[in-house]
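Beneath this line is the structure, given in structure tokens, with notes to follow.
Chains as they are written, first to last, in our numbering: chain A, -19 to 196; chain B, 914 to 1079.
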């Protein structure tokens, strides 16, 4: 199989087992596509969920990403890591979905991790600055606060954050996925961190005393 | 009294914190940054706050994929590669709906073809009226082999002048 895909592609394939699996999908080998889905489904849904807000929608988009991979399998020529290609498709699908939602009324459905769906206006997404956090805030509630903080970032910052945090991608790989320069990714991630720190600063040291000179 | 910080300096500083956390600094840059942190409690506190914020994202539970996800994806993939598979998997209720839809399409198609035929009939009738004289002499015209023969028939020396009054 490797001789049939060209020398540089073969080198990629030798390095990346995911590419070898995708080449088996391209060759219509029985069971290869299912193996690919099983390997990446969890990772795709984890990336999509903070982008679109609900697990159902995240699964729909992840499924669409897999179907696009399958449809374009015959044109697949490895030029980078397979996961980079897959997440590029996922990024485009997520951004398209968010943009089409923006054309509809500005109401967001945030699904809390406890499973309850709440309907909130955009201006209600972030925790109020005046309120003091409960000392014993439950982890589930804290997760809701963090989810809202993440939801408050713009979609490009959010995508950069989830790729960096959950896929452990470096700036160069994130840049490929998002069609940006590594410098732009650095800037996006830095701004995202500053924004998150602003929103979450009241909750940062809930598990222990704040260090000296640190604003609570 | 400290000078107020320029916004660009602040931005640069935040980018430095971020790059350090992501392991994107060179060894030398990282060493410089660590020395700066060691000498400034204020910077250390800001950096710690950013680091803690990032760690808070670990509180977010990662969603599990539903049990049916793989099966549903494979089903759609099979439907893509062989559209007839999708029809085979329909329930009896769905099949009834499909048959009804097919009948509707056939009926609509039949109506379409019928209306087209009707339009064709109208257009043929109009043509017949407009070229009635041509059709009346069709048998005569069929005797003429080509246009040259017709022109020769028009030559005066062939038939001469018709007597007037006929």
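We treat Cβ as the ideally placed atom computed from N, Cα and C, and that holds for glycine. Fair warning: this is a prediction, and the values are worked out from it, not measured in the lab.
query: Alpha-carbon to alpha-carbon, residue 952 of chain B and residue 987 of chain B; result: 58 Å
query: C-alpha gap between residue 151 of chain A and residue 24 of chain A, whole angstroms; result: 19 Å
query: Own chain residues within Cβ distance below 6 Å of residue 180 of chain A, not counting five before or after; result: 129
query: For residue -3 of chain A, the three-state DSSP class (helix, strand or coil); result: helix
query: Rounded straight-line distance, which links the Cα of residue 927 of chain B to that of residue 141 of chain A; result: 15 Å
query: Length of the line joining the Cα atoms of residue 931 of chain B and residue 9 of chain A; result: 43 Å
query: At least three beta-carbon pairs within less than 8 Å, the region 953 to 967 of chain B to the region 0 to 16 of chain A; result: no
query: Endpoints, the alpha helix (DSSP H) within which residue 955 of chain B is located; result: 954 to 969
query: Element boundaries [alpha helix (DSSP H), containing residue 157 of chain A]; result: 151 to 158
query: Residue 934 of chain B beta carbon less than 9 Å from that of residue 963 of chain B; result: yes
query: Enclosing alpha helix (DSSP H) for residue 127 of chain A [first to last residue]; result: 119 to 131
query: Minimum Cβ-Cβ distance from residue 46 of chain A to chain E less than 9 Å; result: Absent here is chain E; the protein component of the structure consists of chains A and B.
query: Inter-residue Cα distance where the pair is residue 940 of chain B and residue 153 of chain A; result: 20 Å
query: Rounded straight-line distance, which links the Cα of residue 977 of chain B to that of residue 21 of chain A; result: 9 Å
query: Presumed contact (8 Å Cβ cut-off) between residue 183 of chain A and residue 969 of chain B, rounded CB distance; result: 7 Å
query: Contact list for residue 935 of chain B against chain A, beta-carbon separation under 9 Å; result: 144, 150, 151, 166, 169
query: Proximity of residue 39 of chain A and residue 77 of chain A at Cβ, strictly below 9 Å; result: no
query: Selection of the region 953 to 964 of chain B by Cβ proximity to chain A, strictly under 7 Å; result: 954, 955, 958, 961, 962, 963
query: Where residue 58 of chain A falls: helix, strand or coil (DSSP); result: coil
query: Backbone CA spacing between residue 61 of chain A and residue 159 of chain A [nearest angstrom]; result: 15 Å
query: Cβ distance (whole Å) where residue 929 of chain B is taken to contact residue 127 of chain A below 8 Å; result: With a Cβ gap of about 28 Å, residue 929 of chain B and residue 127 of chain A do not count as contacting.
query: Nearest-angstrom beta carbon gap, residue -1 of chain A and residue 146 of chain A [assumed within contact, 8 Å]; result: Going by Cβ atoms, the distance from residue 146 of chain A to residue -1 of chain A rounds to 21 Å, so no, they are not a contact pair.
query: Cα-Cα separation, residue 56 of chain A to residue 35 of chain A; result: 29 Å
query: Interface partners of residue 946 of chain B on chain A, CB under 7 Å; result: None at all; the shortest Cβ gap to chain A is about 14 Å.
query: CA nearest to the CA of residue 17 of chain A, picked from A/49, A/125, A/132, A/64; result: A/49
query: Extent of the continuous alpha helix (DSSP H) to which residue 40 of chain A belongs; result: 35 to 51
query: First and last residue of the uninterrupted alpha helix (DSSP H) at residue 163 of chain A; result: 162 to 180
query: Chain B contacts made by the region 7 to 21 of chain A, where a contact means CB separation under 8 Å; result: 13, 14, 17, 18, 21
query: Alpha-carbon to alpha-carbon, residue 938 of chain B and residue 46 of chain A; result: 35 Å
query: The alpha helix (DSSP H) enclosing residue 978 of chain B, as first and last residue numbers; result: Here residue 978 of chain B belongs to no alpha helix (DSSP H), and DSSP marks it neither H nor E.
query: Straight-line gap, residue 948 of chain B to residue 6 of chain A (C-alpha atoms, nearest Å); result: 52 Å
query: As assigned by DSSP and simplified to three states, the class of residue 973 of chain B; result: coil
query: Beta-carbon proximity list for residue 138 of chain A, same chain, < 8 Å, skipping 5 on both sides; result: 30, 31, 130, 131, 172
query: Contacts around residue 1002 of chain B, its chain only, beta-carbon distance under 8 Å, and the 5 residues preceding and following it disregarded; result: Annotation note: pLDDT 49 at residue 1002 of chain B (below 50); position unreliable, coordinate value reported separately. Within the same chain, residue 1002 of chain B has close Cβ partners 988.
query: Within chain A, partners of residue 942 of chain B - CB distance below 8 Å; result: Near residue 942 of chain B there are no residues of chain A at all, since even the closest Cβ is about 13 Å away, more than 8 Å.
query: Where residue 883 of chain B sits in the DSSP three-state scheme; result: Outside the shown range of chain B, which is 914 to 1079, sits residue 883 of chain B, and nothing can be said about it.
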